Amino acid sequence: MEGVNKKKQLYELLITVILWGIALTSLSYEYMWLAFSIVYFGSILSIFPEWQGIKNILRKYFLKLYQLIILSVSYIISVKYLNYRFDIENDYLTHSPWIVSIIFSAVLLFILLGVWVVISSLIHLLIAILSIFLPKNWIDKINNTKVIKLSNKSMNILLIVLPFYFLFAYIGEPLIKVALRMDAYAASDCGETKPNTAYLRKNDKECYVFSPWLSLEEPSVKPSIKGK
């Protein structure tokens with residue numbers, strides 16, 4: 014069994030060295046996207062042996078963490094952000110904070126992954142120090158635990174998630190504009206009902222006007238007709 018594990022480790026090491034060699038060669042010729050694609054592909058391959066464990070953790074812990082903490086915190090941040098940036102009073106923000114919270118939840122997840130990578134590095138350093146004092150079979154048992162095996166793949170998981178982070182950064186601004194339109198209505202005391210025009214109340218005196226509503230243009234601000 015030990016011989017099989019050594020062969021497996023040697024095989025994984027060989028594949029890693031080859032992929033990194035090709036990636037660094039591509040990078041030296043300024044083929045940055047090719048280099049990243051190779052490293053990305055290698056990261057996906059590396060997590061396959063631990064995929065079942067990762068899937069179990071996602072089901073048991075990640076979904077609860079996301080629903081109870083990350084999504085709630087992201088929603089609060091979204092309300093504060095929209096209030097600060099657009100000067101919209103909280104009472105008029107209904108659907109948009111939930112949509113914008115998708116962006117902030119992605120940012121929080123990436124930050125947590127970064128923290129996990131740092132913690133994993135510290136754990137590996139601690140194990141390396143302990144290996145000086147503890148018997149080899151103890152260190153092997155520690156390295157074979159699910160937590161340590163998963164922490165070994167932390168950087169690979171971070172690399173796999175990285176393109177999605179850039180995707181959210183790219184679509185973030187358009188998504189915010191779409192989110193605001195979800196709280197805008199055609200029939201409003203902000204102005205007259207017009208085709209392809211919607212209003213979102215900013216405060217007691219002003220409203221945002223989305224005209225045309227089906228666009229990603231910045232809304233204009235107009236005085237409210239309420240009370241006239």
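Residue 241 is where the sequence shown ends in the numbering used here, and the numbering goes up by one at each step. Just so it is clear, CB atoms sit at the ideal spot from N, CA and C, and this is done for glycine as well. Here the structure is a predicted model, which means the values were calculated and not measured.
Straight-line Cα distance separating residue j from residue i
i, j, result
"Val222", "Leu106", "15 Å"
"Glu63", "Thr158", "12 Å"
"Glu15", "Asn169", "Residue confidence is low: Glu15 scores 47 on pLDDT, short of 50, so the model does not pin down where it sits. Its coordinate-derived value is still stated next. Between Glu15 and Asn169, the C-alpha separation is close to 25 Å."
"Ile140", "Ile82", "31 Å"
"Leu95", "Asp153", "51 Å"
"Asn150", "Asn103", "59 Å"
"Leu125", "Phe146", "32 Å"
"Val131", "Lys93", "29 Å"
"Leu143", "Asn156", "12 Å"
"Pro225", "Leu84", "31 Å"
"Ile184", "Ile101", "22 Å"
"Val17", "Pro187", "With a pLDDT of only 45 at Val17, under 50, the local geometry of the prediction cannot be trusted, and the value read off the model is given with reservation. The alpha-carbon atoms of Val17 and Pro187 are separated by roughly 52 Å."
"Ser134", "Phe99", "41 Å"
"Ser50", "Lys73", "31 Å"
"Val128", "Arg194", "35 Å"
Strand pairing of residue i, partner residues [DSSP]
i, result
"Lys159", "Partner(s): none; Lys159 has no beta bridge."
"Phe177", "Phe177 is not bridged to any residue."
"Gly66", "In the DSSP output, where bridge partners are listed per residue, Gly66 has none listed."
"Leu213", "Tyr221"
"Val234", "Tyr221"
"Gly204", "Ser201"
Residue j beta carbon less than 7 Å from that of residue i
i, j, result
"Phe181", "Ala119", "yes"
"Ser109", "Asp196", "yes"
"Leu227", "Lys190", "no"
"Ser114", "Tyr79", "no"
"Phe117", "Ser91", "yes"
"Ile112", "Ala200", "no"
Option in the options with minimal Cα separation from residue i
i, options, result
"Tyr198", "Lys190, Leu188, Thr210", "Thr210"
"Tyr53", "Phe177, Ile112, Leu213", "Phe177"
"Pro232", "Ser144, Val131, Leu213", "Leu213"
"Lys218", "Val234, Lys207, Arg72", "Val234"
"Val86", "Ile70, Lys68, Leu121, Leu188", "Leu121"
"Thr206", "Leu135, Ile173, Ile238, Asp100", "Ile238"
"Gly55", "Arg98, His137, Ile173, Leu188", "Ile173"
Using 8 Å as the threshold, is the region 163 to 178 in touch with the region 56 to 65, meaning 3 or more CB pairs across them?
Taking 8 Å as the limit for Cβ pairs, the verdict is that the region 56 to 65 does touch the region 163 to 178.
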